[in-house]
Amino acid sequence: ISILNPDLSISCMIKGSDNFGSLRWDGKHPQEAVLEGLPKHAVANKGDTIITSGFSDGFPKGIPVGIVLKQQSELDDNFFALRIKLLADFSTLSTVKHDERRA
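Letter by letter, the sequence shown follows residues 1 to 103 of this note's numbering.
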């Protein structure tokens, strides 16, 4: 399943921290996604690397996913979201390797 599926959510974290949230595509741009549900105390700077947290099935911890572009919004008093530039350009992918072990 491509990250460009708006129903897919992948647990990701800010590299070098223990803060994680859910990465999903908001349907706006194929090279960007949103990392939601980060705790308000988390520190994220433009250019920080976002990696998989290991909490989503099929995605081991530490796979680089994207780079922080900006803080997008405050979701409420406890959480905020980041706009992420994805490392892969999913709009140009044409071949995906199928893992027979997971079929």
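Here a beta-carbon is modelled for each residue, glycine too, at the ideal position from N, C-alpha and C. Please read these numbers as outputs of a predicted model, since none were measured by experiment.
Check                                                                                                                            : Outcome
Classification of proline 6 by the beta-carbon crowding that lies within 10 angstroms, buried from 16 upward                     : exposed
7 Å Cβ shell around asparagine 39 - same chain, five flanking residues per side excluded                                         : A small fix is needed here, since residue 39 is proline in this sequence, not asparagine. So the qualifying residues of the chain are Asn19, Asn78 and Phe79.
Rounded separation between threonine 52 and serine 11 - CA only                                                                  : 6 Å
Contact set for serine 56: own chain, Cβ-Cβ below 7 Å, skip 5 residues either direction                                          : Ile10 and Ser11
Cut-off 6 Å between Cβ atoms - residues of its own chain near histidine 29, not counting five sequence neighbours on either side : none
Residues that proline 39 bridges to, as DSSP identifies them                                                                     : Phe79
C-beta atoms of isoleucine 84 and valine 34 nearer than 8 Å                                                                      : yes
Per-residue DSSP class, three states only, for leucine 69                                                                        : strand
Buried versus exposed call for alanine 81 [16 or more other C-beta atoms within 10 Å across all chains shown]                    : buried
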